[in-house]
Amino acid sequence: MLLMNEPQNHKIQKMQDDFKNLSVEEKQFIAKCLDVSSTDEVDALITKMVAPQKISMQDRINQRINK
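Each residue of the sequence shown is one higher than the last, beginning at 742 in this note's numbering.
This is how it looks when you write it as structure tokens:
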């Protein structure tokens with residue numbers, strides 16, 4: 742099955758690597774800008790973006806109907 746976000750995975754992985762290399766202050770600033778309570782939540786959000794998104798056919802139909 743082809744994943745819709747496959748071409749973007751390398752960009753998201755680079756973002757995750759860049760985030761890990763930032764200083765604590767820079768990570769806290771990003772967390773504050775994203776309105777999350779910790780830098781761990783920012784890392785979790787990035788990790789969630791890397792995970793392949795499998796969308797069922799019914800979910801795709803529902804998304805198109807709701808547009």
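We treat Cβ as the ideally placed atom computed from N, Cα and C, and that holds for glycine.
Cβ contact annotation for I771 (same chain, cutoff 8 Å, sequence separation greater than five): F760, L763, T780, V783, in chain order. Ranked by Cα distance from K755, the first of V777, T788, C774, E766 is T788.
Annotated three-state conformation of V783 is helix, per DSSP. In the displayed model, A772 falls within a helix according to three-state DSSP.
In the DSSP assignment, Q754 falls within the unbroken alpha helix (DSSP H) covering 750 to 761.
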